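The opening position of the sequence shown corresponds to residue 1 in the UniProt record's numbering, with each subsequent residue numbered one higher. Written out below as structure tokens is the structure these notes cover.
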Amino acid sequence: MTTEPAVDVRGLHVRFAEVEAVNGVDLVAYAGQATALLGRNGAGKSTTMRVLAGVVPPSAGSVRVAGLDVRADVLAVKRRVGYCPDVGGLVPRATPWEHLQLAARLRRLDGWEGRARDLLELFGLGDVAHRVTSGFSHGMGRRLSVLLAAFHEPEVLLLDEPFDGVDPVGVEATLEIVSDARARGACVLVSTHLRELAIEACSSVTVLRGGSRVASVAAGEMAGEEGARAYRSLLD
């Protein structure tokens, strides 16, 4: 028997007025695996992730997440997903601890405080847990966004540009989050333009260019100088 994909995208199109941000993308990802969406800025990675998170509706195509149709069951999809957006998502006047309190309340989590403290320490945010996020650097905000996405241990973890502007502590913490999520059987998607971190975090890579999928390969095929050349050829 074949396992049903945790993410199953067929012929996805997303249009904003006259602009077609995603043009016929197919994507399949499974529980216990991590898949990278790799490509330059403007390739359609973030728009695809927003559709999977239930933030942006598809203009055409079929999109199923955790066995659910994102058109018909968008609220149920959001309950099963943890989403780190590429920008924004934080409340400037709230502290990291208040963000975690709100997330725990909305998701009706019990006994969450210990996990919250552990995650704050993992991401190097323990000392600023009670500082408002308006004073955070870009990298600190990225770390907190990843933390919040993973906090409730979702079935599908969507990390959009989690490494952007992040220091080595944040990179290592994010890699640990991805590894832990895979170990407990979650499906992980990581969108990034950083090839080396994509292949370190993930076992498979889907390359997007101009809103279309141009390749889906094992991460090892993108490694080293030969992988770099292959990647550049896909972007040309």
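The beta-carbon is built from N, C-alpha and C at its ideal position, and this holds for glycine as well. What you are looking at is a predicted structure, and each value in this text was computed from that prediction instead of being measured.
Which residues does DSSP list as the beta-bridge partners of residue i?
i    : result
S191 : L37 and D160
V81  : V156
E221 : BP columns for E221 are empty, so no partner.
H13  : N23 and A60
R213 : L208
D69  : R64
V7   : A29 and V65
Closer than 6 Å by C-beta to residue i: which residues in its own chain qualify, once you throw out the five before and the five after it? Chain order, please.
i    : result
M1   : With a pLDDT of 38 at M1, under the threshold of 50, the predicted position of this residue should be treated as unreliable, and no value is reported.
G32  : R182 and G185
R107 : H152
L122 : A173
State yes or no: is the C-beta of residue i within less than 7 Å of the C-beta of residue j?
i    : j    : result
T95  : R117 : no
R15  : S59  : yes
G126 : L120 : yes
A43  : R213 : no
L189 : L158 : yes
A219 : S204 : yes
Of the choices the options, whose alpha-carbon is the least far from that of residue i?
i    : options                  : result
P168 : L148, L75, R142 and G24  : R142
V217 : G210, A230, G211 and E20 : A230
L37  : L68, S62, D86 and W97    : D86
L75  : S203, V55, A21 and I177  : V55
S191 : T35, G24 and A150        : T35
V146 : P162, A219 and T133      : P162
Looking only at its chain, what residues have a beta carbon closer than 7 Å to the beta carbon of residue i, apart from the 5 residues adjacent to it on each side?
i   : result
A66 : A6, V77, R80, E155 and V156
P20 : In the sequence under discussion, the amino acid at residue 20 is Glu, which differs from the Pro named in the question. Answer for E20: H13 and G211, listed in chain order.
Kindly list the residues whose CB is nearer than 8 Å to the CB of residue i, restricted to its own chain and excluding five residues on each side of it in sequence; keep chain order.
i   : result
N41 : H193
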